[in-house]
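**Q**
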Amino acid sequence: MPKNKKELYNKKGVIAGIVIFAFIAALPFLINLGKAAPAPELVLTSKAKEAKECVRSKEFIKREHMQLLDEWRDTVVRDAKRIYVNPQGKEFNMSLSNTCLDCHSNKTDFCDRCHDYASVSPYCWDCHIDNPKEMKR
Amino acid sequence: MIEQAFKGGKRYNRLMLLLLGLIGVGFGFYLWQFNYGLGITGMSRSVSWGFYIAQFTFLVGVAASAVMLVLPYYLHDYKAFGRITILGEFLAVASVTMCLLFIIVDLGQPIRALNVIFHPTPNSILFWDMIVLNGYLLLNIVIGWKVLEAERNNVHYPGWLKPLIYLSIPWAVSIHTVTAFLYCGLPGRGFWLTAILAPRFLSSAFASGPALLILLCLLIRKISKFDPGLEQIRSLSKIVTYAIILNVFFFLCEVFVVFYSQIPEHMDHFKYLFTGLHGHGVLVPWMWSSLFLMVTAIILLVPPMFRNNTTVLAIACVCVFIGTWIDKGLGMISGGFVPNPLHHVDEYVPTGPELMITLGVYASGIFILSALFKIAVSIKEELHA
Amino acid sequence: MKSSSRRSFLKIAGLAALGIGAGPTIKAFGTIGGHGALQPEASFKKGEKAMEAKQWAMVVDTRKIKSEADIRPMVEACHQIHNVPDQPIDRHAIKWIWPEEFHNAFPGLQSQFISEKIENTSFPVLCNHCENPPCVRVCPTKATFKREEDGIVMMDMHRCIGCRFCMAACPFGARSFNFRDPEPFIKNVNKEYPRRMKGVVEKCNFCAERLAVGKLPACVEASNGILTFGNLYDPQSEVRKLIREHNTIRRKIHLGTKPTIYYII
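Here the protein sequences come in this chain order: G, E and U.
0 is the number of the first residue of the first sequence in numbering that gives the first Met the number 0; add one for each residue after it.
0 is the number of the first residue of the second sequence in numbering that gives the first Met the number 0; add one for each residue after it.
0 is the number of the first residue of the third sequence in numbering that gives the first Met the number 0; add one for each residue after it.
So this is what it looks like as structure tokens:
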């Protein structure tokens with residue numbers, strides 16, 4: 000192998016390979032080109048509307064409900080504490096099944112819309128039963 | 000060096016294709032298990048570990064056996080083994096990979112496997128098993144590869160490798176000791192609750208692993224231009240001889256303690272395995288075959304005139320390998336779970352899908368082994384041509 | 000020579016620092032959003048009615064058990080409120096509390112000649128919530144743990160990886176594994192309690208969710224006085240009173256796990 004000669008071996012093959020790779024890598028973008036889905040509109044149940052505010056502000060919940068739930072589940076199971084006191088001093092039972100899903104009983108029009116839009120599929124409902132029970136998926 | 004794995008003859012390519020096919024089939028069955036759950040296996044509330052964990056246990060032994068080449072070569076300066084240590088190290092790489100795959104396919108929630116790292120728990124032996132197995136895999140990849148590379152380039156391997164090689168010796172012992180500790184530290188399982196479990200595991204490992212290596216060496220001798228060497232094979236056969244004798248001896252020690260003391264919790268498992276318990280005894284013929292094979296192997300291995308005959312040696316090695324496989328890969332795990340803690344006899348038999356997934360894992364291991372051995376043998380052929 | 004050894008020392012020190020640095024990162028991965036970091040003003044507390052104990056314990060008055068039928072209401076109450084499935088295949092069974100015969104519940108204590116009463120009675124068995132639980136010792140993720148607050152051996156269903164080491168370690172066969180999705184086999188779903196997903200281990204939780212709101216465990220309520228529940232370390236508690244006044248046995252005490260279920264014989 001001559002070391003001083005700087006030249007690309009198998010030039011054709013390598014370049015063709017790079018082009019094909021770039022094409023495949025760009026494929027998801029190409030397929031979805033110009034097909035941006037509109038931001039989802041969420042439906043609040045009358046119970047949720049009545050309550051006016053969730054356990055935290057709308058912005059906080061929008062942004063961090065997953066972290067909140069994660070913290071809830073650890074605190075309930077591991078620290079034996081089940082009451083959440085929000086910054087306004089209001090108390091809630093830390094329970095996805097009995098607090099969150101009690102108000103937001105419309106999984107398909109509430110939870111799923113954003114999750115579908117964001118293309119995430121949390122498996123909370125495998126165990127925490129939506130209330131009242133809706134059709135699966 | 001890796002390019003050698005792609006430059007094989009017709010036979011090699013056909014083997015690799017076949018293995019890829021088997022891996023694909025096994026993976027298909029695994030997808031089924033992934034979706035349905037471990038319910039497609041024969042495991043139960045009573046026998047909660049089955050074929051997968053048993054294979055894992057057996058293969059940890061095969062992996063640990065690399066030390067039987069490394070130790071004489073590097074510690075005792077037994078030069079002859081220098082020629083074939085690479086085979087032991089690469090066999091260890093393939094075996095440990097299979098071990099890790101068997102653990103993964105045995106998990107109920109494999110996507111959460113990394114919880115073992117996110118929530119490290121030093122009081123769990125499984126945590127340590129994860130560390131020693133991954134460490135051993137890494138050690139053998141690095142050592143095997145670097146030494147082979149140095150050999151090919153006709154230079155001495157880098158100096159920093161030496162401490163790693165020395166480290167790999169106790170590390171090999173540790174992987175099988177820790178694996179035995181998974182079982183022998185459990186309070187309610189009389190079959191495993193014995194201090195001789197780790198020594199027994201090691202002795203069966205140092206019998207089954209080198210026996211497999213002898214068979215592989217004989218195969219390489221036949222199908223390639225590289226000769227692992229008669230002296231090497233004979234030295235290995237002595238290791239197998241001592242190890243299998245020790246293994247049977249440890250087993251008999253266990254049998255004495257259990258049956259002389261007459262403690263039911265310890266006897267029941269042995270009765271289940273060797274005579275059947277309350278009319279249940281699927282493993283009885285297997286266990287007696289295992290014992291028969293191991294004793295036959297001893298008879299064939301002890302007299303030098305038998306042992307030094309390659310054909311007889313090959314037969315003995317097959318006996319050792321199958322005998323120890325039945326002992327650990329079938330009896331050791333089921334035997335500990337039957338009867339269960341409530342003294343119900345719920346038997347375990349693996350299901351078809353379970354066996355297919357197992358086959359897939361074994362195919363992956365043999366695939367890795369073939370590729371690595373192909374690389375090693377090609378380089379050795381170049382050097383010794 | 001000296002400078003080179005110093006350089007390698009620095010290298011090692013650097014690596015060590017990297018290792019220490021990785022610790023918190025790993026922790027952060029485990030529980031995204033540590034306590035207080037995200038909601039500085041919010042806090043957690045126990046409910047006002049929550050019952051507390053140093054170590055919960057149970058006494059089973061087996062003299063009151065006439066037949067297996069006396070145990071069935073406990074099993075049904077427990078399995079109903081906890082969404083325990085009725086798996087059609089026997090080897091996939093999930094049990095939190097169930098009846099066993101004497102020689103199965105207490106292997107090693109069975110005698111060839113034994114009172115007819117004991118021989119013909121069923122004994123309810125469940126997780127012993129051991130004070131020295133081997134299942135907790137072996138769990139590689141702390142998914143099962145001994146809760147400091149009340150001594151309950153808990154399961155964190157979100158963390159369990161389904162390795163089933165705890166099932167091998169439990170000398171009482173108290174643990175069950177979800178060999179398949181339990182959902183189709185739950186007859187009357189209790190929406191207030193979660194189900195489980197496939198691939199995780201489950202067992203009796205001493206009704207931690209009921210104790211938190213001041214209710215006794217469901218099996219105790221349904222037991223018609225057979226089961227008594229209370230704080231093992233309160234000399235005035237009902238369980239201590241019963242233990243003081245009667246001969247009790249526990250399952251496999253020779254193994255040193257310190258079970259907290261006492262049986263009056």
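Beta carbons: idealized from backbone N, C-alpha and C, even for Gly.
1. Are any of the Cβ atoms in chain U nearer than 7 Å to that of D125(G)?
2. For a cutoff of 7 Å on Cβ pairs, would you count M156(U) as touching chain E?
3. Just to confirm the assignment, what range does the alpha helix (DSSP H) spanning E264(E) have?
4. I'd like the list of long-range same chain contacts for S57(E), defined as Cβ closer than 7 Å, with 5 residues on each side in sequence excluded.
5. Start and end of the alpha helix (DSSP H) containing K57(G)?
6. Within 7 Å (strictly less), CB to CB, does A79(G) reach chain U?
7. Which full runs of the alpha helix (DSSP H) of 4+ residues lie inside the stretch 171 to 200 of chain E, going along the chain?
8. Is the CB of P39(G) under 7 Å away from at least one CB in chain U?
9. On the criterion of 16 or more Cβ atoms from any shown chain inside 10 Å, does W127(E) qualify as buried, or is it exposed?
10. Output, in chain order, the set of chain G residues within a Cβ distance shorter than 9 Å of K116(U).
11. Could you please give the first and the last residue of the uninterrupted alpha helix (DSSP H) stretch that includes E148(E)?
12. In whole angstroms, what is the alpha-carbon distance linking F91(G) and W95(U)?
13. What's the gap between the Cα of A210(E) and the Cα of P338(E)?
14. Listing by chain order, which chain E residues have their CB less than 8 Å from the CB of V199(U)?
15. Assuming S236(U) is part of the alpha helix (DSSP H), what are its boundary residues?
16. Could you pull out every unbroken beta strand (DSSP E) segment of at least 3 residues lying fully inside the stretch 86 to 132 of chain G, listed in chain order?
17. So E130(U) and G150(U) are supposed to be a Cβ contact under 8 Å. How far apart are they, rounded?
18. Answer with buried or exposed for F20(G), where buried requires no fewer than 16 other C-beta atoms within 10 angstroms of its C-beta.
19. Quick one: list the residues of chain U neighbouring N122(E), beta-carbon separation under 7 Å, in chain order.
20. So, with DSSP's three-state summary, where would you put V84(G)?
21. If we count Cβ pairs, one from each stretch, closer than 8 Å, do we get three or more for the stretch 134 to 147 of chain E versus the stretch 29 to 41 of chain E?
22. Let me check understanding here. Comparing Cα to Cα, which of Y192(U), T259(U), R136(U) and E40(U) lies closest to K80(U)?
23. Which word fits Y8(G), buried or exposed, when buried means at least 16 other C-beta atoms lie within 10 angstroms of its C-beta?
24. Any beta carbon of chain U sitting closer than 7 Å to that of V256(E)?
25. On the three-state DSSP scale, how would you describe P71(E)?
26. Can you name, in chain order, every residue of its own chain whose Cβ lies under 8 Å from the Cβ of V376(E), other than the five neighbours on each side?
27. When the cut-off is 7 Å and only beta carbons count, does Q38(U) lie next to chain E?
28. With DSSP collapsed to three states, give me the class of W324(E).
29. Can you list, in chain order, the residues of its chain with a C-beta nearer than 6 Å to that of M286(E)? Leave out the 5 residues immediately preceding and following it.
30. Which parts of the stretch 80 to 105 of chain U are runs of the beta strand (DSSP E), unbroken and 3 residues or longer, counting only runs that do not cross its ends?
31. Distance, Cα to Cα, R55(G) vs P86(G)?
32. Among the candidates R243(U), L226(U) and S222(U), whose CA atom is the shortest distance from the CA of Y232(U)?
33. Helix or strand or just coil, what does DSSP make of K197(U)?
34. Tell me, please, which residues DSSP counts as bridged to S288(E).
35. Classify R13(E): buried if its beta carbon has 16 or more other beta carbons within 10 angstroms, exposed otherwise.
36. Could you name the residues of the same chain whose beta carbon sits closer than 7 Å to that of E380(E), not counting the 5 residues immediately before and after it, in chain order?
**A** Straight from the coordinates:
1. Along the first sequence, one-based indexing puts residue 125(G) at 126. By this cut-off, D125(G) is an interface position.
2. By 1-based counting over the third sequence, the position of residue 156(U) is 157. No, its Cβ sits nowhere closer than 7 Å to a Cβ of chain E.
3. Walking along the second sequence from the start, residue 264(E) turns up at place 265. Here the alpha helix (DSSP H) through E264(E) covers P263 to F273.
4. The residue labelled residue 57(E) in the question sits at position 58 within the second sequence. Note on residue identity: the sequence assigns Phe, not Ser, to residue 57(E). W324, K327 and G328, listed in sequence order.
5. The residue given as residue 57(G) occupies position 58 in the first sequence. Note, K57(G): alpha helix (DSSP H), K57 to D78.
6. Within the first sequence, residue 79(G) is the residue found at index 80, counting from 1. Answer yes: the Cβ-Cβ gap between A79(G) and chain U drops below 7 Å somewhere.
7. none
8. On the first sequence, position 40 is the one that residue 39(G) refers to. Taking Cβ atoms only, chain U never reaches closer than 7 Å to P39(G), which makes this a no.
9. Counted from its first residue, the second sequence places residue 127(E) at position 128. Its Cβ being crowded by 16 or more others within 10 Å, W127(E) is buried.
10. Counting from 1 along the third sequence, the entry for residue 116(U) is found at position 117. Residues of chain G passing the Cβ test: none, with the nearest at roughly 39 Å.
11. Taking the first residue of the second sequence as 1, we reach residue 148(E) at position 149. Segment I124 to R151, the alpha helix (DSSP H) holding E148(E).
12. Taking the first residue of the first sequence as position 1, residue 91(G) is located at position 92. Taking the first residue of the third sequence as position 1, residue 95(U) is located at position 96. Rounded to the nearest angstrom, the two C-alpha atoms are 29 Å apart.
13. The residue labelled residue 210(E) in the question sits at position 211 within the second sequence. The residue labelled residue 338(E) in the question sits at position 339 within the second sequence. Each residue's alpha carbon lies about 33 Å from the other.
14. Within the third sequence, numbered from 1, the residue matching residue 199(U) stands at position 200. Within chain E, the residues near V199(U) are G107 and Q108.
15. For the purposes of this step, residue 236(U) is identified with residue 237 of the third sequence, where counting begins at 1. Element bounds for S236(U): n/a, residue is neither H nor E.
16. 90 to 92
17. Translated into positions along the third sequence, residue 130(U) becomes position 131. Translated into positions along the third sequence, residue 150(U) becomes position 151. Right, the Cβ-Cβ distance comes to about 7 Å (below 8 Å), so this counts as a contact.
18. Locating residue 20(G) in the first sequence gives position 21, counting from the first residue. It counts as exposed.
19. Your numbering for residue 122(E) matches position 123 in the second sequence. The contacting residues are R136.
20. Walking along the first sequence from the start, residue 84(G) turns up at place 85. V84(G) falls in the strand class under three-state DSSP.
21. no
22. By 1-based counting over the third sequence, the position of residue 80(U) is 81. Correcting the residue type first, residue 80(U) is Ile in the shown sequence and not Lys. Closest by alpha carbon: Y192(U).
23. The sequence position of residue 8(G) within the first sequence is 9, counting from 1. Its Cβ having fewer than 16 others within 10 Å, Y8(G) is exposed.
24. In the second sequence, residue 256(E) corresponds to position 257, counting from 1. V256(E) does not count as touching chain U.
25. Taking the first residue of the second sequence as 1, we reach residue 71(E) at position 72. Reduced to three states, the DSSP call for P71(E) is helix.
26. Counted from its first residue, the second sequence places residue 376(E) at position 377. Around V376(E): I219, S223 and F225.
27. As a working mapping, residue 38(U) is identified with position 39 in the third sequence. Because the pLDDT of Q38(U) is 46, which lies under 50, any placement of that residue in the model is unreliable, and the number read from its coordinates should be weighed accordingly. False, the Cβ-Cβ gap to chain E never drops below 7 Å.
28. As a first step, residue 324(E) must be located in the second sequence, where it is residue number 325. Residue state, collapsed to three classes: helix.
29. Along the second sequence, read from residue 1 onward, the residue named residue 286(E) stands at position 287. L272, F273 and G330.
30. 96 to 100
31. Here residue 55(G) corresponds to residue number 56 of the first sequence, with the count starting at 1. Here residue 86(G) corresponds to residue number 87 of the first sequence, with the count starting at 1. If you take the alpha carbons of R55(G) and P86(G), they lie about 8 Å apart.
32. Here residue 232(U) refers to the residue found at position 233 when the third sequence is read from its first residue. Cα-wise, what sits closest to Y232(U) is R243(U).
33. The residue you call residue 197(U) lines up with position 198 of the third sequence. The answer is coil: DSSP assigns K197(U) none of H, G, I, E or B.
34. Position 289 of the second sequence, counted from the start, is the residue given in the question as residue 288(E). BP columns for S288(E) are empty, so no partner.
35. The residue you call residue 13(E) lines up with position 14 of the second sequence. Burial call: exposed.
36. As a position in the second sequence, residue 380(E) is number 381, starting the count at 1. The answer, listed in chain order, is S223, K224 and F225.
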